[in-house]
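Trainee: Sharing a structure, written as structure tokens. Questions coming.
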Amino acid sequence: MKHRGRHRRRRRGAALRAVLTGTALALTAAATLISASQAEVAEDPGPLKPLTSRADTGPLRLQEHLVPARTLDRLATAMGVPVGVDTVLQSADRNLREGADCSAADRASLPVDPAAARAYCWDPADTADGAWRPASVTTSGDAADDGVWGTHRVVLAGWTHSTAAGRPGERGLARVALVDADDSAHLSYRWVLLVVPVDGGRDYRGLASGVSGMVWYDNKLLVTTTAGSADALYVYDLDRIQRTTVDAPAVGRVPGGWSADGYGYVLPAVGSYRFTAGRCAPSGPPCPGALALDRGTAPDSLVAAEWTAPGEDRHARLWRYAFDTDPARPGLLATDAAGRADPVEAYRTRADGIRGVLSYRRAGSDRPSWYVGRLPDAQDGHGGLWRQDTAGAGAARCGADASDRCWAQGAGSLSYWQETGEVWSLSDRMLFALPLAAFDHALD
0 MKHRGRHRRR RRGAALRAVL TGTALALTAA ATLISASQAE VAEDPGPLKP LTSRADTGPL
60 RLQEHLVPAR TLDRLATAMG VPVGVDTVLQ SADRNLREGA DCSAADRASL PVDPAAARAY
120 CWDPADTADG AWRPASVTTS GDAADDGVWG THRVVLAGWT HSTAAGRPGE RGLARVALVD
180 ADDSAHLSYR WVLLVVPVDG GRDYRGLASG VSGMVWYDNK LLVTTTAGSA DALYVYDLDR
240 IQRTTVDAPA VGRVPGGWSA DGYGYVLPAV GSYRFTAGRC APSGPPCPGA LALDRGTAPD
300 SLVAAEWTAP GEDRHARLWR YAFDTDPARP GLLATDAAGR ADPVEAYRTR ADGIRGVLSY
360 RRAGSDRPSW YVGRLPDAQD GHGGLWRQDT AGAGAARCGA DASDRCWAQG AGSLSYWQET
420 GEVWSLSDRM LFALPLAAFD HALD
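Residue numbering for the sequence shown follows numbering that gives the first Met the number 0, starting at 0 and increasing by one per position.
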């Protein structure tokens, strides 16, 4: 109880800082808003179209594949007793800087409207060469009702390595920053590399996949995979983080122990979900591009958005799966006796380039609102933020020409921290947060 009270005092103390910082960030972002000649107003995606026929929902069915317990136990026996999130945060070796201490280029990547209340830039060592890019975010507000995991308030940020830059051994890999968010003025973090057990747990390989969407629910972390992968989602257990023992460029078992290309920790996958209809394709199962948690449903649900390229003449799908309520299956999707997970709700949208998604039932509304963050057609500059339901759509507008390019630059996924009322997201350069109420104010 004491540490929760301490968090409340910190939040009250941070409130004034958030107002002052948010004002400065908004002014910086607005000052760099693209000119009217460069601005573009995207086509209104209109109302959501419910998908109810078996022909429409069948391609969304998932098959669960869990890694055998003996495989995970063999790996743990060889590598040592797994550790949890607290242990990793106690060894945090990087710091995030508050927005006022970040460069003008960093701040220019933030949303114009709604503006970030607070924002942070990463350690320069992680952004210097541009090979690694942040794309997804989730928090302990998703994982637990009170927003605290172990003894910390935590933000997780998923990064993907470019396949065309940096050292060959890193290309295409995925890592997660575990961020200690106890004190909003002093965030620190430590990297964990995502891996997949192979050879029955005698070795592991790096997860060679983009992680554009990510949700932490209970002790499980669900992440999206690269388009075309046989797996739609990978599942990780945050109680099964393993220490590495050898600092070498290889990933996996090496002479003398275990290596992860210099990372001190790895997180082995414990399962995956595959579409029963095959790999994602325009005419078949969707390629999941964004994920979020919705605690406003019963049971809680995993929300997903299909990735379609900006400007592509193809309508994306939005859908959700229920989480299992069986205490023996924490953090896993609800499945039938054959291990299949069916969507409990699905829609078609004319929105494209979706990089972030949220579903939230506003007070007084008889239907959930779906918020989508979109990349612009040119895939550069600021993106758009839209709210949709079955009645229509609306966008955040800014500038003299009422452009919809008001959202973050290269924006990533969205995560709603219910206890604090904040939405967390990322630009291509910064981590930031703002009240969900600011979304609706801008969209109204």
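Glycine included, each C-beta is placed from N, C-alpha and C at the ideal position.
1. Among the candidates A280, A350, S271, L374, whose CA atom is the shortest distance from the CA of G507?
2. Count the other CB atoms within 10 Å of the CB of S102; is the residue buried (16 or more) or exposed (fewer)?
3. Measuring alpha carbon to alpha carbon, tell me which residue in V222, R201, G393 is nearest V136.
4. Which two residues bound the contiguous beta strand (DSSP E) that contains H64?
5. Just checking my contact of R278 with L301 at CB under 8 Å: how many whole Å lie between their CB atoms?
6. Would you decide whether D443 is buried or exposed? Buried here means 16 or more other CB atoms lie within 10 Å of its CB.
7. What are the residues that DSSP puts in a beta bridge with M213?
8. Please identify the residue among D144, G310, P298, W215 whose C-alpha is closest to the C-alpha of D323.
9. In whole angstroms, what is the alpha-carbon distance linking D439 and V371?
10. Counting Cβ pairs closer than 8 Å, one from the region 199 to 207 and one from the region 168 to 176, do we hit at least three?
11. Pair every Cβ in the region 238 to 257 with every Cβ in the region 73 to 86, then say whether three or more of these pairs are closer than 8 Å.
12. Using 8 Å as the Cβ pair cut-off and three pairs as the minimum, do the region 309 to 317 and the region 256 to 272 touch?
13. Quick one, which of S139, R294, L50, L61 has its alpha-carbon nearest A336's?
14. State the Cα-Cα distance for the pair V147 and V214, rounded to the nearest angstrom.
15. Cutting at 7 Å between CB atoms, please list the residues of its own chain near P329, excluding the five before and the five after it.
16. Check whether the region 187 to 202 and the region 83 to 100 touch, using three or more Cβ-Cβ pairs below 8 Å as the test.
17. By a C-beta neighbour count over all protein chains shown, 10 Å radius and 16 as the cutoff for buried, is L433 buried or exposed?
18. So, with DSSP's three-state summary, where would you put A77?
19. Taking all protein chains shown into account, decide if S414 is buried (16 or more other Cβ within 10 angstroms of its Cβ) or exposed.
20. In the DSSP assignment, find the unbroken beta strand (DSSP E) run with S368 in it and report its ends.
21. Taking the alpha carbon of V154 as the point to measure from, which residue in A143, D145, H160, T138 has its own alpha carbon closest?
22. For D341 and D141, what's the separation of their Cα atoms in angstroms?
23. How long is the line joining the alpha carbons of R313 and S282, rounded to whole angstroms?
24. With which residues is D388 paired in a DSSP beta bridge?
25. Assign G411 to buried or exposed, taking buried as 16 or more other Cβ atoms, counted over all protein chains shown, within 10 Å of its Cβ.
26. Would you mind working out which of W406, P375, D388 sits nearest S368, comparing C-alpha positions?
27. Cutting at 6 Å between CB atoms, please list the residues of its own chain near L437, excluding the five before and the five after it.
28. What residues are listed by DSSP as bridge partners for Y262?
29. Buried or exposed, going by whether 16 or more other CB atoms sit within 10 Å of the CB of R201?
30. Under a three-way DSSP split, which group does Q417 fall into?
31. In three-state terms, what does DSSP make of V104?
32. What span of residues does the alpha helix (DSSP H) with S139 cover, start to end?
33. Sort M429, L435, G398 by Cα distance to A104 and report the nearest one.
34. Closest to V250 by CA distance: which of L374, P196, K48, A399 is it?
Mentor: Let me lay it out:
1. Residue 507 is absent from the structure shown; the chain starts at 0 and stops at 443.
2. Answer is exposed; the Cβ neighbour count stays below 16.
3. Nearest option by C-alpha distance: V222.
4. That run of the beta strand (DSSP E) goes 61 to 65.
5. Not really, about 20 Å apart at Cβ, beyond 8 Å.
6. It is exposed - the Cβ of D443 has fewer than 16 other Cβ atoms within 10 Å.
7. M213 pairs with V222.
8. In terms of CA proximity to D323, P298 leads the group D144, G310, P298, W215.
9. D439 and V371 have their C-alpha atoms roughly 13 Å apart.
10. As far as the Cβ criterion goes, the region 199 to 207 touches the region 168 to 176, which means the pair count is three or higher.
11. Result yes; three or more Cβ-Cβ pairs closer than 8 Å.
12. Here the region 309 to 317 does not lie against the region 256 to 272, with fewer than 3 beta-carbon pairs under 8 Å apart.
13. Closest in C-alpha terms to A336, from the list S139, R294, L50, L61, comes L61.
14. Whole-angstrom Cα-Cα distance: 15 Å.
15. Setting aside the 5 residues that flank it on each side, P329 is surrounded in the same chain by D217, N218, K219, each with a C-beta closer than 7 Å to its C-beta; the list follows chain order.
16. Taking a cut-off of 8 Å for Cβ pairs, the region 187 to 202 and the region 83 to 100 touch, as three or more such pairs fall below it.
17. Buried, because 16 or more other Cβ atoms sit within 10 Å of the Cβ of L433.
18. Three-state DSSP puts A77 in a helix.
19. When all chains shown are included, S414 counts as buried.
20. Start and end: 368 to 373.
21. The residue with the shortest Cα to Cα distance from V154 is T138.
22. For the pair D341 and D141, the Cα-to-Cα distance works out to about 22 Å.
23. Spanning the two alpha carbons is a distance of roughly 10 Å.
24. Partner(s): G391.
25. Buried: at least 16 other Cβ atoms inside 10 Å.
26. For S368, the closest alpha carbon among the candidates W406, P375, D388 is that of D388.
27. The residue you asked about is not Leu; residue 437 is Ala in the sequence shown. Beyond the five residues adjoining it in sequence on each side, A437 comes within less than 6 Å, by CB distance, of P113 in the same chain, given in chain order.
28. Paired residue(s): none; Y262 is not in a bridge.
29. Flag for R201 reads exposed.
30. If DSSP states are grouped into helix, strand and coil, Q417 belongs with coil.
31. Looking at the sequence itself, residue 104 is Ala, so the reference to Val does not match. If DSSP states are grouped into helix, strand and coil, A104 belongs with the helices.
32. DSSP places S139 inside the alpha helix (DSSP H), whose first and last residues are 139 to 142.
33. Considering only alpha carbons, the answer is M429.
34. Closest option to V250, Cα to Cα, is P196.
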